[in-house]
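Peer 1: Encoded as C-alpha cells, here's the structure I'll be asking about.
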Amino acid sequence: MFDSFLLESIINGLLLGGVLALLALGLNLIFGVIDVVWICYAELVMIGMYAIYWLYIFYGVPLPGAVIAAVLAVALLGVLLHRFVIEPVLGTAPINQLLVTGGVLFFLQAAATLAFGIEFRNLGIRMPLVEFGDMFFSFARILAFITALVGVFLLWLFLTRTYLGTAIRAISQDREIMPLMGVDPRRIYLITSAIGGGMAGMAASLLVLQYDVHPAIGLSFGPITFMVCVMGGLGNMLGGFIAAFIFAQFISVGGYLFQIEWGYVIAFCFFIAMMFIRPKGLFSR
Amino acid sequence: MLEVRNISAGYGSFRALFGVSIEVRAGEAVGVIGPNGAGKTTLLRVISKIISPESGQVMMQGQDLRQVAAHRVVEMGIAHVPEHRRLFPRLTVEENLRMGAFHPAARRRFAERLDFVYELFPRMKERRDQLAGTMSGGEQQMCAIGRALMSGPKLLLMDEPSAGLAPVIVQQVFDLVRRIRAEGYTVLIVEQNIQQVLQVVDRAYLLEVGTIKQSGNAADLLASPEIRRAYLGI
C-alpha cells in the first residue's frame, strides 16, 4: 500500500536536511580551516534572526534588504569574534578556545534577552502551503531548502575555483608554509570567519521564516548542528553535508512513525551509537 | 642579488646560526653544504622570513627584508622550495601550482607560467588532476619546484631537494637543478649530498654548527682535502 504520509515525511526530512547542511557547513568550514569550534555558532544565527526581525518590523525594511543586511551583519560579527575573541587564544590549549566561544554564547544570549526580552517573536508572514497530490509542504521549507543548496553550491564554487578559496583549503593542510605562497594566514582566517558568519546569517534568514525567534533559540538547533558536524567528521565538509540529510531523515521519518519528539530521540540514539562505531565520524579519512 | 649579513638565529634558547654571512650574485648557483643539524634549513627559513633572526640582516636587490612582511617576500622575487617538499597533499597538482601563483603579479601571468612549468615537467601535466599527496617522492619534488617557479622568482631557494629520494631519482633531481639554472634562474641550494651538489653549483659555503667554515668555487671545494676526508670519505 502506498503511504503518502511516509513519502511526505521523507520529503520533509530532505527539506530539513538542506537547512541543517547549511548550518553545519559554516561551522565545519571554521573548524576545518582555523581548527576552532565556534560553540556560539547557533547564537550568531539567533542574532541574525533578530536582525531581520528588527529591520523588517521596526524599520520597515523590505524582507530581501533585511536579509542581505543580516547576512552582512553576522559576517561582520564573525570577523569581530575571530579578531577579538579567538585570535588572542589561538596558539593556546584548545580548551581555551572552547571556553571563550562558550563565554560568547552566554554573552549573546544575555545581550539578546536584555535587548529584546524573552518573548517569542515572529515576522508575521504567513507562507502558503504547497499542495502536491494529497501531500502538503511548507513553502518556507522549500524556499529554505533551495536557498541552502544554492548557498552550498556557491561556497563549493568559491572554494574550488578561486585563488582565495584554494588558499582556504590549503591553509588547513599546512599553515606554516602559507607565507611562502604569498598568503597572509591572518587575512585568510578573517575571510574564513566572515564566510562562516555569512553562512550563519543565511541560515538565520531561512529559519526566521519558519520559527519564532527568542534568546534561547540557539539551544534548539545548536546541538543538532554540532552533532551533524561530528557525525560527518569535524571539518569534513562533504561528510557534514551528507550527515545533515541522514540526521534529518531520522528526525522526520522517526517523528512520523512514532511521535515528533521520538524523532529526535532516535536521531540522538543513532548519533551515540555512531560515536562508538565510528568515533571520528561517518566519513572520516 | 642576495646578501645575508651576520645572521644569528635559533629556536627558543637553542641557537642554530652564529653570525652567518653569504652572498648570491645574479645568475649564479650557490650551494650551502654541511652535515645534518648544521643550520642550513634555518638559514633558508631566515631568508624567506618563516622565522626572524636574532640579529643581522638580509638584503634582496638592495631592499632590507626586515621591512618586508613575511608573505611579501615572495613578491620580492624569492621562491622557497621547503624541506620535505611540503606540498598540499589534498589539493591537486594544478591547485598546488595555483597556490604558487597566489600573489597578484603572479596571478596575471598564471596561464603563461603554467605552460612553462608543464613544458619543464611534462609529468606534471599528465598528473594535473591527481592529489599531490598520492604521487611518488620524485614527482612531488617536481611539483614543489614547479610551485615555486609559478611565482616568477628571480631567486630560487631549494632545501635538500634530494632528501628521502631513491638514488636514481636523486640523479634526476640534480639534472632538474641544472635545467632550472639553464633557464636563467639564480639558485641557492642547501644539500647534504655534497658530492652531487658540488657538481651543479658554481660556488659553495660549508656550514658547520652554525658557522661558515669554508667557501669557494665548487671545483676547489670538491678537491679540498678537508672536505674530501670529512664528507666524501675519500
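From first to last, the protein sequence lines stand for chains E and B.
Following the numbering used here, the numbering of the first sequence begins with 219 at its first residue and continues without gaps.
Following the numbering used here, the numbering of the second sequence begins with 36 at its first residue and continues without gaps.
Quick reminder that beta carbons are idealized off the backbone N, C-alpha and C, glycines included.
Bear in mind the structure is a predicted one, so any value in this text is a computation, not a measurement.
Using a cut-off of 8 Å between C-beta atoms, extract the partners of K84 (chain B) located in chain E.
Peer 2: Within the second sequence, residue 84 (chain B) is the residue found at index 49, counting from 1. Here the neighbours are P397.
Peer 1: Considering Cα atoms alone, identify which of B:A198, B:A64, B:F123 is closest to Q391 (chain E).
Peer 2: Locating residue 391 (chain E) in the first sequence gives position 173, where the first residue counts as 1. It is B:F123 whose Cα lies nearest to the Cα of Q391 (chain E).
Peer 1: Is F123 (chain B) close to chain E, meaning its C-beta is less than 7 Å from at least one C-beta of that chain?
Peer 2: The residue given as residue 123 (chain B) occupies position 88 in the second sequence. Cβ-Cβ to chain E under 7 Å: yes for F123 (chain B).
Peer 1: Since R182 (chain B) and E174 (chain B) are thought to touch, with beta carbons under 8 Å apart, how far apart are those beta carbons, to the nearest angstrom?
Peer 2: Stepping through the second sequence from its first residue, residue 182 (chain B) is reached at position 147. Stepping through the second sequence from its first residue, residue 174 (chain B) is reached at position 139. No, R182 (chain B) and E174 (chain B) are not in contact; Cβ-Cβ is about 13 Å, not under 8 Å.
Peer 1: Taking the Cβ atom as the reference point for each residue, do F338 (chain E) and L347 (chain E) lie within a distance shorter than 7 Å?
Peer 2: Within the first sequence, numbered from 1, the residue matching residue 338 (chain E) stands at position 120. Within the first sequence, numbered from 1, the residue matching residue 347 (chain E) stands at position 129. Going by C-beta atoms, F338 (chain E) is not nearer than 7 Å to L347 (chain E).
Peer 1: Please compile the residues from chain B whose C-beta is within a distance smaller than 8 Å of the C-beta of V401 (chain E).
Peer 2: Within the first sequence, the letter at position 183 stands for residue 401 (chain E). Those within 8 Å of V401 (chain E) in chain B are H106, M134, F137.
Peer 1: With a Cβ-Cβ cutoff of 7 Å, do G499 (chain E) and G436 (chain E) count as a contact?
Peer 2: Taking the first sequence and counting its residues from 1, one reaches residue 499 (chain E) at position 281. Taking the first sequence and counting its residues from 1, one reaches residue 436 (chain E) at position 218. Taking 7 Å as the Cβ cut-off, G499 (chain E) and G436 (chain E) do not qualify as a contacting pair.
Peer 1: Measure from the C-beta of L126 (chain B) to each C-beta in chain E and report whether the shortest distance is under 7 Å.
Peer 2: Taking the second sequence and counting its residues from 1, one reaches residue 126 (chain B) at position 91. Yes, its Cβ sits closer than 7 Å to a Cβ of chain E.
Peer 1: Looking at P280 (chain E) and the ligand GTP, is the gap between the Cβ and the nearest heavy atom below 6 Å?
Peer 2: The ligand content of the structure shown is nil, which means the ligand GTP is not present either.
Peer 1: Can you name the residues of chain E whose CB is closer than 8 Å to the CB of P117 (chain B)?
Peer 2: Here residue 117 (chain B) refers to the residue found at position 82 when the second sequence is read from its first residue. The answer, in chain order, is I395, L398.
Peer 1: Could you check what DSSP says for M95 (chain B) in three-state terms: helix, strand or coil?
Peer 2: On the second sequence, residue 95 (chain B) is found 60 positions in, with the first residue counted as 1. Reduced to three states, the DSSP call for M95 (chain B) is strand.
Peer 1: Could you tell me which of E:V263, E:V426, E:F439 sits nearest to F486 (chain E), measuring between CA atoms?
Peer 2: The sequence position of residue 486 (chain E) within the first sequence is 268, counting from 1. When only C-alpha atoms are compared, the closest one is E:F439.
Peer 1: Name the residue from E:T365, E:G414, E:E226, E:G309 whose alpha carbon lies nearest to the alpha carbon of W256 (chain E).
Peer 2: In the first sequence, residue 256 (chain E) corresponds to position 38, counting from 1. For W256 (chain E), the nearest C-alpha among the options comes from E:G414.
Peer 1: Should E130 (chain B) be flagged as near chain E, meaning a C-beta pair shorter than 7 Å?
Peer 2: Looking up residue 130 (chain B) in the second sequence gives position 95. For E130 (chain B), the answer is yes, since a Cβ of chain E falls inside 7 Å of its Cβ.
Peer 1: By a C-beta neighbour count over all protein chains shown, 10 Å radius and 16 as the cutoff for buried, is L317 (chain E) buried or exposed?
Peer 2: Numbered from 1 along the first sequence, position 99 holds the residue referred to as residue 317 (chain E). Exposed is the call here.
Peer 1: For Q315 (chain E), which residues in chain B fall below 7 Å Cβ to Cβ?
Peer 2: Position 97 of the first sequence, counting from 1, holds the residue named residue 315 (chain E). In chain order: nothing, as chain B lies at least about 24 Å away.
Peer 1: Are the C-beta of D392 (chain E) and some C-beta of chain B separated by less than 7 Å?
Peer 2: Within the first sequence, numbered from 1, the residue matching residue 392 (chain E) stands at position 174. Chain B contact via Cβ: present.
Peer 1: Quick check on T384 (chain E) - is its C-beta less than 7 Å from some C-beta in chain B?
Peer 2: Stepping through the first sequence from its first residue, residue 384 (chain E) is reached at position 166. Closer than 7 Å to some Cβ of chain B, the Cβ of T384 (chain E) qualifies, so yes.
Peer 1: Run the CB neighbour count on S222 (chain E), radius 10 Å, all protein chains shown included, and call it buried at 16 or more, exposed below.
Peer 2: Translated into the one-based positions of the first sequence, residue 222 (chain E) becomes position 4. So S222 (chain E) counts as exposed.
Peer 1: Between P188 (chain B) and H115 (chain B), what straight-line distance do the alpha-carbon atoms span, to the nearest angstrom?
Peer 2: Reading the second sequence from its first residue, position 153 is the one you call residue 188 (chain B). Reading the second sequence from its first residue, position 80 is the one you call residue 115 (chain B). When rounded, the distance between both Cα atoms is 9 Å.
Peer 1: V448 (chain E) lies in the alpha helix (DSSP H); which residues open and close that run?
Peer 2: The count along the first sequence starts at 1 and reaches residue 448 (chain E) at position 230. It spans 436 to 450 - the alpha helix (DSSP H) in which V448 (chain E) sits, taken as one unbroken run.
Peer 1: Report buried or exposed for Q98 (chain B), applying the criterion of at least 16 other Cβ atoms within 10 angstroms of its Cβ.
Peer 2: Position 63 of the second sequence holds residue 98 (chain B). It is exposed - the Cβ of Q98 (chain B) has fewer than 16 other Cβ atoms within 10 Å.
Peer 1: Nearest to F501 (chain E) by CA position, among E:V483, E:L241, E:A260, E:V446, is which residue?
Peer 2: On the first sequence, position 283 is the one that residue 501 (chain E) refers to. Ranking E:V483, E:L241, E:A260, E:V446 by Cα distance to F501 (chain E) puts E:V446 first.
Peer 1: With DSSP as the reference, label R387 (chain E) as helix, strand or coil.
Peer 2: Within the first sequence, numbered from 1, the residue matching residue 387 (chain E) stands at position 169. Reduced to three states, the DSSP call for R387 (chain E) is helix.
Peer 1: Whose C-alpha, out of E:Y268, E:T331, E:D253, is nearest the C-alpha of G309 (chain E)?
Peer 2: Your numbering for residue 309 (chain E) matches position 91 in the first sequence. Comparing Cα-Cα distances from G309 (chain E) to each of E:Y268, E:T331, E:D253, the minimum goes to E:D253.
Peer 1: Residues in the same chain with beta-carbon distance under 8 Å from D430 (chain E), minus the five sequence neighbours each way, listed in chain order, please.
Peer 2: What you label residue 430 (chain E) is simply residue 212 of the first sequence in a count that begins at 1. Around D430 (chain E): F338, R339, N340.
Peer 1: For Y474 (chain E), would you say it is in contact with chain B, using Cβ-to-Cβ distances shorter than 7 Å as the test?
Peer 2: By one-based count along the first sequence, residue 474 (chain E) stands at place 256. No - not a single Cβ of chain B is within 7 Å of the one on Y474 (chain E).
Peer 1: In whole angstroms, give me the CA-to-CA distance for Y259 (chain E) and E118 (chain B).
Peer 2: Translated into the one-based positions of the first sequence, residue 259 (chain E) becomes position 41. Translated into the one-based positions of the second sequence, residue 118 (chain B) becomes position 83. Answer to the nearest angstrom: the Cα atoms are 38 Å apart.
Peer 1: Of the residues that make up the region 366 to 382 of chain E, which ones have a beta carbon closer than 7 Å to any beta carbon in chain B?
Peer 2: From the region 366 to 382 of chain E, only Y381 have a Cβ closer than 7 Å to chain B.
Peer 1: Leaving out five residues on either side along the sequence, give the residues of the same chain with a beta carbon under 8 Å from the beta carbon of A242 (chain E).
Peer 2: One-based indexing of the first sequence puts residue 242 (chain E) at position 24. Only T443, V446, C447, G450, G458, F459, A461, A462 meet the Cβ criterion.
Peer 1: How about R359 (chain E) and L233 (chain E): do their beta carbons lie closer than 7 Å?
Peer 2: Within the first sequence, residue 359 (chain E) is the residue found at index 141, counting from 1. Within the first sequence, residue 233 (chain E) is the residue found at index 15, counting from 1. Yes, these two residues count as a Cβ contact at 7 Å.
Peer 1: For A201 (chain B) and V208 (chain B), what's the separation of their Cα atoms in angstroms?
Peer 2: Reading the second sequence from its first residue, position 166 is the one you call residue 201 (chain B). Reading the second sequence from its first residue, position 173 is the one you call residue 208 (chain B). Roughly 10 Å separates the two Cα atoms.
Peer 1: What residue range is occupied by the uninterrupted alpha helix (DSSP H) comprising L372 (chain E)?
Peer 2: Locating residue 372 (chain E) in the first sequence gives position 154, where the first residue counts as 1. Note, L372 (chain E): alpha helix (DSSP H), 357 to 379.
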